[in-house]
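Chemist:
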Ligand SMILES: NC(=O)C1=CN([C@@H]2O[C@H](COP(=O)(O)OP(=O)(O)OC[C@H]3O[C@@H](n4cnc5c(N)ncnc54)[C@H](O)[C@@H]3O)[C@@H](O)[C@H]2O)C=CC1
Ligand SMILES: C[C@H](O)[C@@H]1OC(=O)[C@H](O)[C@@H]1O
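Residue numbers (the UniProt record's numbering): 1 to 253.
What follows is the structure, encoded as structure tokens:
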């Protein structure tokens, strides 16, 4: 199995992509620690799924916007599972809003959750990996939005470009420790983050029409790419990014 014996930490893992990735990593052999914000039932049921697969799972509550959460998450995960081999920075929000009247609180919260939180999480995970001394893999759930804009995402797209830039810089800072750092760029994946936005049938049809593979993504579409980057199959891959968007990005006409 590709992740046999590895310990994987995933933020924002009670639902959506994070949950699918956490369970998918367990399916590929890993023990998994999940960070979650509020959804106790979602986190507990994800742990139950992981345990059904014969792996260890632990759910640890915390708001990633608070820098202290990062240290607590890594420390509690190490207490429960012994080490950190793979860190997936997944937690994120995208409260769609127009640019000209963007509330300051919405802008700041989006930055704090998606980018500032990621910075401190990645730093805490990296310090643990450095202490262990045998490398690791850090994966950021960035976005196709790191490359293209969105009228109602002016606060969000810079966080996704920032996450990718963070992975590029930490790939350099951590290479000497054999820690690989990469980004995934999902396209439009059907989760709670865009449920309301895609309830607009016209918008949904437009988004679907842009995708050469003919469908919007599912959270499970991110499992294979994550497992690849987490595993030794990607031993010489660092500072890279991988679009997981059904071809949407390249489809100009
Ligand atoms: N669904 C999509 O189309 C795409 C999603 N992404 C990214 O994938 C990641 C996961 O999003 P989805 O699964 O789609 O949405 P989702 O809304 O289902 O999941 C987001 C998760 O992050 C958690 N979260 C939010 N704020 C948090 C906080 N302060 N502390 C801890 N956890 C927190 C939520 O509780 C939830 O479990 C996000 O970073 C998002 O930006 C990227 C590209 C496309
Ligand atoms: C929330 C959006 O639907 C989603 O998030 C992103 O990063 C992309 O812009 C997707 O469309």
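Idealized CB from N, CA, C, for every residue including glycine.
#1: Does the distance from the CB of residue 70 to the CB of residue 112 come in under 8 Å?
#2: Could you check if residue 143 is buried or exposed, using at least 16 other CB atoms within 10 Å of its CB as the buried criterion?
#3: Taking only heavy atoms of ligand 1 into account, decide whether any of them is closer than 7 Å to the Cβ of residue 75.
#4: Could you name the residues of the same chain whose beta carbon sits closer than 8 Å to that of residue 191, not counting the 5 residues immediately before and after it, in chain order?
#5: Kindly identify the DSSP beta-bridge partner or partners of residue 61.
#6: May I ask which residues mark the beginning and end of the beta strand (DSSP E) holding residue 248?
#7: Would residue 145 and residue 157 be called neighbours here (beta carbons separated by less than 8 Å)?
#8: Under a Cβ-count criterion, where at least 16 other Cβ atoms within 10 Å of its own Cβ denotes burial, should residue 60 be classed as buried or exposed?
#9: Is residue 141 helix, strand or coil by DSSP?
#10: Measuring from the CB of residue 153, is there a heavy atom of ligand 2 at a distance below 7 Å?
#11: Please name the residue, chosen from 35, 196, 57, 84, that lies closest to residue 128 on a Cα-to-Cα basis.
#12: Indicate whether residue 135 and residue 189 have their beta-carbon atoms separated by less than 8 Å.
#13: Under 8 Å between the Cβ atoms of residue 36 and residue 43?
#14: Pick from 216, 171, 115: whose alpha carbon is nearest that of residue 65?
#15: Tell me which same chain residues have a C-beta within less than 6 Å of the C-beta of residue 162, skipping the five on either side of it?
#16: What do you reckon, are the CB atoms on residue 92 and residue 167 nearer than 8 Å?
#17: Near residue 27, what residues of its chain come up, given a Cβ to Cβ distance below 7 Å and the 5 sequence neighbours on each side ignored?
#18: Are residue 211 and residue 248 closer than 8 Å when you measure CB to CB?
#19: Among 126, 187, 238, 202, which residue has its Cα nearest to the Cα of residue 245?
#20: Less than 7 Å between the CB of residue 11 and some heavy atom of ligand 1, yes or no?
Modeler: Considering the structure as presented:
#1: Counting from one through the chain shown, the residue named residue 70 turns up at place 70. Counting from one through the chain shown, the residue named residue 112 turns up at place 112. Taking 8 Å as the Cβ cut-off, residue 70 and residue 112 do not qualify as a contacting pair.
#2: Here residue 143 corresponds to residue number 143 of the chain shown, with the count starting at 1. Per the 10 Å Cβ criterion, buried.
#3: Locating residue 75 in the chain shown gives position 75, where the first residue counts as 1. No, ligand 1 has no heavy atom inside 7 Å of this Cβ.
#4: In the chain shown, residue 191 corresponds to position 191, counting from 1. 15, 16, 17, 219, listed in sequence order.
#5: By 1-based counting over the chain shown, the position of residue 61 is 61. Answer is 36.
#6: For the purposes of this step, residue 248 is taken as the residue at position 248 of the chain shown. Element bounds for residue 248: n/a, residue is neither H nor E.
#7: Counting from 1 along the chain shown, the entry for residue 145 is found at position 145. Counting from 1 along the chain shown, the entry for residue 157 is found at position 157. Closer than 8 Å, so yes.
#8: As a working note, residue 60 is residue 60 in the chain shown. It counts as buried.
#9: Along the chain shown, one-based indexing puts residue 141 at 141. Three-state DSSP puts residue 141 in a strand.
#10: Within the chain shown, numbered from 1, the residue matching residue 153 stands at position 153. Yes, Cβ of residue 153 sits closer than 7 Å to a heavy atom of ligand 2.
#11: Indexing the chain shown from 1 puts residue 128 at position 128. For the residues 35, 196, 57, 84, the minimum Cα distance to residue 128 belongs to 84.
#12: By 1-based counting over the chain shown, the position of residue 135 is 135. By 1-based counting over the chain shown, the position of residue 189 is 189. Not closer than 8 Å, so no.
#13: As a first step, residue 36 is located in the chain shown; it is residue number 36 there, counting from the start. As a first step, residue 43 is located in the chain shown; it is residue number 43 there, counting from the start. Yes, they are a contact pair.
#14: Walking along the chain shown from the start, residue 65 turns up at place 65. With distances taken between Cα atoms, residue 65 lies closest to 115.
#15: Taking the first residue of the chain shown as position 1, residue 162 is located at position 162. Excluding positions up to five away in sequence, the list reads 115.
#16: Here residue 92 is taken as the residue at index 92 of the chain shown, counted from 1. Here residue 167 is taken as the residue at index 167 of the chain shown, counted from 1. The answer is no: Cβ separation not under 8 Å.
#17: Taking the chain shown and counting its residues from 1, the one referred to as residue 27 is at position 27. The answer, listed in chain order, is 53.
#18: For the purposes of this step, residue 211 is identified with residue 211 of the chain shown, where counting begins at 1. For the purposes of this step, residue 248 is identified with residue 248 of the chain shown, where counting begins at 1. For residue 211 and residue 248, yes; Cβs fall inside 8 Å.
#19: Translated into positions along the chain shown, residue 245 becomes position 245. Closest option to residue 245, Cα to Cα, is 187.
#20: Counting from one through the chain shown, the residue named residue 11 turns up at place 11. Yes, ligand 1 has a heavy atom inside 7 Å of this Cβ.
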